[in-house]
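This report refers to the structure that appears directly beneath it.
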Amino acid sequence: MAIEVDSVSKRFGTFEALHGVSLTVTDGALTALLGPSGSGKSTLLRVIAGLEAPDTGSVRIGGQEMTDAPARSRGVGFVFQHYAPFKHMTVRNNIAFGLSVRKRAKAEIDERVAELLKLVRLDGLAGRYPSQLSGGQLQRMALARALAVRPKVLLLDEPFGALDANVRAELREWLRRLHDEIHVTTIFVTHDQEEAMEVAEQIVVMNAGRIEQTGTPRELYEHPISEFVMSFIGPVNRIGNAYLRPHDVQIVPEPGGNTTEALVKRVVHLGFEVRVQLTLPDGREISAQVTRAAAHELELAEGQILTVRLPAARVFTPASEPVAPAPSTL
Amino acid sequence: MLGIYLSALVLLPIAALTAKATSGGPGVLWREITNPEALAAIKLTLVVAVVVVALNAVFGTLIAWVLVRDEFPGKRLVNALIDLPFALPTIVAGLVLLSLYGHGSPVGVNVAFTRASVALALLFVTLPFVVRSVQPVLHELELSMEEAAASLGAGPFTVVRRIVLPSLTPAIVSGVALSFARAVGEFGSLVLITGNLPFKTEAGSVYVFAQIQNENLPAAAAVSFALLVAALVVLGALTFVSRWSSKHVR
Amino acid sequence: MSASQPATLETPSPVSVLGRGAAAGRRRGEGALAGRLTLRALALGYLALLLVAPVGMVFYRTFEHGLDAVWNAVSASNAQHAFWLSLEIAAIAVPLNTAFGIGAALLLERGRFRGRAALGVLIDLPFAISPVVVGLTLVLVYGKAGWLGGWLADNGLSVIFSVPGMVMATAVVSLPFVARETMPVLRELGTDAEQAAATLGATAWQTFWRVTLPAIRWGVVYGVVLTSARALGEFGAVSIVSGRIEGQTQTLPLYVQDRFENFDGTGAYAAAVVLALLALGTLLAMNLLTRRARERGAR
Numbered sequence: 024m025a026i027e028v029d030s031v032s033k034r035f036g037t038f039e040a041l042h043g044v045s046l047t048v049t050d051g052a053l054t055a056l057l058g059p060s061g062s063g064k065s066t067l068l069r070v071i072a073g074l075e076a077p078d079t080g081s082v083r084i085g086g087q088e089m090t091d092a093p094a095r096s097r098g099v100g101f102v103f104q105h106y107a108p109f110k111h112m113t114v115r116n117n118i119a120f121g122l123s124v125r126k127r128a129k130a131e132i133d134e135r136v137a138e139l140l141k142l143v144r145l146d147g148l149a150g151r152y153p154s155q156l157s158g159g160q161l162q163r164m165a166l167a168r169a170l171a172v173r174p175k176v177l178l179l180d181e182p183f184g185a186l187d188a189n190v191r192a193e194l195r196e197w198l199r200r201l202h203d204e205i206h207v208t209t210i211f212v213t214h215d216q217e218e219a220m221e222v223a224e225q226i227v228v229m230n231a232g233r234i235e236q237t238g239t240p241r242e243l244y245e246h247p248i249s250e251f252v253m254s255f256i257g258p259v260n261r262i263g264n265a266y267l268r269p270h271d272v273q274i275v276p277e278p279g280g281n282t283t284e285a286l287v288k289r290v291v292h293l294g295f296e297v298r299v300q301l302t303l304p305d306g307r308e309i310s311a312q313v314t315r316a317a318a319h320e321l322e323l324a325e326g327q328i329l330t331v332r333l334p335a336a337r338v339f340t341p342a343s344e345p346v347a348p349a350p351s352t353l
Numbered sequence: 063m064l065g066i067y068l069s070a071l072v073l074l075p076i077a078a079l080t081a082k083a084t085s086g087g088p089g090v091l092w093r094e095i096t097n098p099e100a101l102a103a104i105k106l107t108l109v110v111a112v113v114v115v116a117l118n119a120v121f122g123t124l125i126a127w128v129l130v131r132d133e134f135p136g137k138r139l140v141n142a143l144i145d146l147p148f149a150l151p152t153i154v155a156g157l158v159l160l161s162l163y164g165h166g167s168p169v170g171v172n173v174a175f176t177r178a179s180v181a182l183a184l185l186f187v188t189l190p191f192v193v194r195s196v197q198p199v200l201h202e203l204e205l206s207m208e209e210a211a212a213s214l215g216a217g218p219f220t221v222v223r224r225i226v227l228p229s230l231t232p233a234i235v236s237g238v239a240l241s242f243a244r245a246v247g248e249f250g251s252l253v254l255i256t257g258n259l260p261f262k263t264e265a266g267s268v269y270v271f272a273q274i275q276n277e278n279l280p281a282a283a284a285v286s287f288a289l290l291v292a293a294l295v296v297l298g299a300l301t302f303v304s305r306w307s308s309k310h311v312r
Numbered sequence: 310m311s312a313s314q315p316a317t318l319e320t321p322s323p324v325s326v327l328g329r330g331a332a333a334g335r336r337r338g339e340g341a342l343a344g345r346l347t348l349r350a351l352a353l354g355y356l357a358l359l360l361v362a363p364v365g366m367v368f369y370r371t372f373e374h375g376l377d378a379v380w381n382a383v384s385a386s387n388a389q390h391a392f393w394l395s396l397e398i399a400a401i402a403v404p405l406n407t408a409f410g411i412g413a414a415l416l417l418e419r420g421r422f423r424g425r426a427a428l429g430v431l432i433d434l435p436f437a438i439s440p441v442v443v444g445l446t447l448v449l450v451y452g453k454a455g456w457l458g459g460w461l462a463d464n465g466l467s468v469i470f471s472v473p474g475m476v477m478a479t480a481v482v483s484l485p486f487v488a489r490e491t492m493p494v495l496r497e498l499g500t501d502a503e504q505a506a507a508t509l510g511a512t513a514w515q516t517f518w519r520v521t522l523p524a525i526r527w528g529v530v531y532g533v534v535l536t537s538a539r540a541l542g543e544f545g546a547v548s549i550v551s552g553r554i555e556g557q558t559q560t561l562p563l564y565v566q567d568r569f570e571n572f573d574g575t576g577a578y579a580a581a582v583v584l585a586l587l588a589l590g591t592l593l594a595m596n597l598l599t600r601r602a603r604e605r606g607a608r
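Quick look at the structure:
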């Protein structure tokens, strides 16, 4: 179901967590709320879930006015950052909770729980207690518990935040596939731009209680409307007022238009990608990104002097209006 | 519901006490408190409470240290027994002390009906407070800190004085405050062993009890009020000190 | 005045203390060992003289005239009546205080309202008041000359000098235990699980019974154990409001005093031993619960 948030503001004491935020999420979409800590992304998620009441503004889910509805009647599945397992219940009873408080028939509950255990690949662990599960398993249990009641909307707060790097990567992939399978409108909160880019169809970038920009991962990467978005989505070189992605820095054989000399200060091999830290003649430092093959061909070594081309960089005026593409200032 | 329960049991009765104690004005309240027998009882209570609390600070900390840092057979049992004065009915506590340190004592120590018996009873019932508040703090206090100090050339007394005691002070203070409040109001354990002799072994709460029996409610209310205020002032002040020192130690 | 229960749930794990103590013992020299033994002797000696020897003596005095005398003493009709009256009072006061304590703990930990701090102080107040004063305050409200005394008499209700007053006195002195033991557990539990239950469609009532209460149950039980011990053993407050009528309003602790003052040592000691055994049972329960809490914490 579609979610419409209209001019929502929320204060905690003197801290303004949300400042007139409006957002529309289409039915079935997979959306990321991306931003640094304190940007209001979790508060927005909790307002949608009914765990926080907004000071002003409204929330509609599936076209229905939900602003004052309690969390339990919103039809929202919520996965908490630390999973919020019911520690005194088995995995099975955790997943069955939503159905059992609705007083569903036992046979129906058993069937649905079995289905979900399979979906989240916890089939053999139904009788265990949360304390006997790993972080990744707890995460999947929490997801199954939220999905058991067939929510109209699935909300996840930093779903992979507390997991090891390996488990994270696996679960991201899995969440993506799960969404393809069940197609429930999903919003997840993250502070990790890579995670947002990899999993979401649509990203909402938040900063200081406001939405900076909304778009597909590609739109945000290629057409950021503010320096905040540009520097939050991917690595960036800042040259005066101009911003340039490292992979846009080209290492060229001959001097030409927009080229300059640069001293190789450091070469970092990151598998396929090689990151080169360069010092420009005026002393400024930038970083460039080349492929492993290119690095090999150029015989990159520290202390070497190269010619680099700096193509048009993006300039944002103080009001964060894009004035791009602008000619390089170099 | 909660409000009604709390009002019926605590709020309304305290209000009634305050009203009764102050109904005759400050002059009457003062006269009741400074009545010679009342004053003797209040003085005895406060002086003995101070002595008891000082002993508790020393022995309570010592016992806590032994229970945390030492190791000996039966330590768990000893640890469990510390709470016995909390679990034992106060009248039984008095009888227990009387059986060993009273008339016909098998060890030849008879403190019954003396001021020492007041102190003994109060020491018994307040034993757990300091131990139980110091124990967890001592347990958290890293042994490595003491060892580091020792490795820097500090002798054991310096380590205790400079490292251990400052960290324990807030816990000791809060244990002392609770002991004091308890000591000031204690009744049951005193009844049998002290003989309740006016001007000699009659503690404040015992005096209040006697006045209630004599239907002299204004006197009972006045001294109750004084004891209540004394306990609250000490609790409040020591809590404040404890908060202040914990802020400055950590 | 009453016992508070500082931090017993956090008593150190014996294993880690053993490890530390042993390692420290090796690293320190002979002189330190002697010092440690001295401190140990002082601490244990103090406990032996103040605690263990007197309690042991009560048992000895009780049984020195043989089991028959004890049996006769505890089966005396006034003793029996006092025992059952104590149980009856506890059976009413403890559940009331348990419900109140859980409610108050929820309010203090989960509620957002003005005067929360004041409420906390008010709940702890009975620990700062002498039991005698508690008894007096109740007399001043519910006694025949008290604020509500006239109204109660007009309606044929007797509170002071009868069981309702004794239940009230018992409830006041044991009021804070459940709230105090439950609050830290509630705080540690956090609100996530409760919010999760709400998003899953549970009502506040369902959330309490199915999520909150099971999660805090050991803290509550610990509080109930302390409340019960206090309720069974209360002397001062009950002494004042009961009127101490033999065979009618005499609880077991009051019976101990009565027997002692009437030169019936055997009767007093026998009743005291019954109470002491209840206290030891309480200690045992406290320790089992603490160990249980520690093991659950370790998982």
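Keeping their order, the protein sequence lines are chains A, B and C.
When you number the first sequence by our numbering, it's gap-free, plus one each residue, and the end is 353.
When you number the second sequence by our numbering, it's gap-free, plus one each residue, and the end is 312.
When you number the third sequence by our numbering, it's gap-free, plus one each residue, and the end is 608.
Cβ atoms here follow ideal geometry from the backbone N, Cα and C, with glycine treated the same way.
At a cut-off of 8 Å, the C-beta of C/V530 has no neighbouring C-beta in chain A.
Between the alpha carbons of C/L359 and A/R69 lies a gap of roughly 57 Å. A Cβ-Cβ separation of about 30 Å leaves C/L449 out of contact with C/E490 under the 8 Å criterion.
Interface annotation for the stretch 273-286 of chain B against chain C: I274, L279, A282, A283 and S286, criterion Cβ-Cβ distance under 8 Å.
A contact between stretches requires three or more CB pairs, one per stretch, nearer than 8 Å, and the stretch 133-148 of chain A fails this requirement with the stretch 182-196 of chain A.
Of all alpha-carbon atoms in C/L592, C/S551, C/L589 and C/M595, the one lying nearest the alpha-carbon of C/G444 is that of C/S551. Taking the C-beta atoms as reference points, B/A78 is found no nearer than 8 Å to C/G459. According to DSSP, residue pairing for A/M229 in a beta bridge involves A/I234. Of the residues assessed, C/P404 falls on the exposed side of the cut-off, its CB having fewer than 16 other CB atoms within 10 angstroms. By the CB criterion at 8 Å, A/F109 and C/A502 fall inside the cutoff. Taking 7 Å as the upper bound on Cβ-Cβ separation, chain C lies near residues H111, F120, G121 and V124 of the stretch 111-124 of chain A. Using a Cβ distance threshold of 8 Å, C/L415 and C/L495 count as a contacting pair.
At a beta-carbon threshold of 7 Å, none of the residues of chain C lie near A/G279; the nearest stands roughly 59 Å away.
What A/V172 touches in chain C, judged by beta-carbon distance under 7 Å, is L509 and G510, going in chain order.
In terms of CA proximity to A/V227, A/V48 leads the group A/V48, A/G36, A/F35 and A/K33.
Per DSSP, the unbroken beta strand (DSSP E) holding A/E27 starts and ends at I26 to F35. DSSP places A/V272 in the coil class of the three-state scheme, outside both helix and strand.
Interface flag for C/D573 against chain A is unset, since no Cβ pair is found closer than 8 Å. Of all alpha-carbon atoms in B/L252, B/R244, B/V291 and B/G237, the one lying nearest the alpha-carbon of B/V303 is that of B/G237. Fewer than three Cβ pairs drawn from the stretch 138-147 of chain B and the stretch 552-569 of chain C lie within less than 8 Å of each other, which leaves the two stretches out of contact. C/E570 and C/N381 have their alpha carbons spaced roughly 19 Å apart. Among the residues facing chain C, A/V176 is not included, as its CB has no counterpart in that chain under 8 Å away. Contact check between the stretch 50-61 of chain A and the stretch 204-214 of chain A: three or more CB pairs, one atom from each, fall below 8 Å, which counts as touching. In the DSSP assignment, B/Y67 falls within the unbroken alpha helix (DSSP H) covering L64 to L68.
Annotation for A/S45: the continuous beta strand (DSSP E) segment containing it runs F38 to V48. Flagged as an interface residue toward chain C: A/F101, by a C-beta distance shorter than 8 Å. Residue-level contact check: A/A52 does not touch chain C, since none of the beta carbons of chain C fall below 8 Å from its beta carbon. The C-alpha of B/V109 is placed about 13 Å away from the C-alpha of B/L289.
Contacts with chain B (Cβ-Cβ distance below 7 Å) from the stretch 544-573 of chain C involve F544, G545, I549, P562, V565, Q566 and F569, listed in chain order. In the assembly as shown, A/T79 is an exposed residue. Its beta-carbon has fewer than 16 other beta-carbons within 10 Å. Pairing C/G528 with C/G410 gives a Cβ-Cβ distance that is not under 8 Å. Chain-ordered, the chain C residues with CB closer than 7 Å to the CB of A/F109 read A502 and V520.
Of all residues in the stretch 86-97 of chain A, the ones placed with a Cβ closer than 9 Å to any Cβ belonging to chain C are P93, A94, R95, S96 and R97, in chain order. About 6 Å separates the beta carbon of A/P153 from that of A/L161, a gap short enough to meet the 8 Å contact definition.
Taking a cut-off of 8 Å on C-beta distances, the stretch 254-274 of chain A touches the stretch 307-319 of chain A, as three or more cross pairs fall below it. Contact between A/G98 and A/V176 holds: CB atoms are separated by about 7 Å, below the 8 Å threshold.
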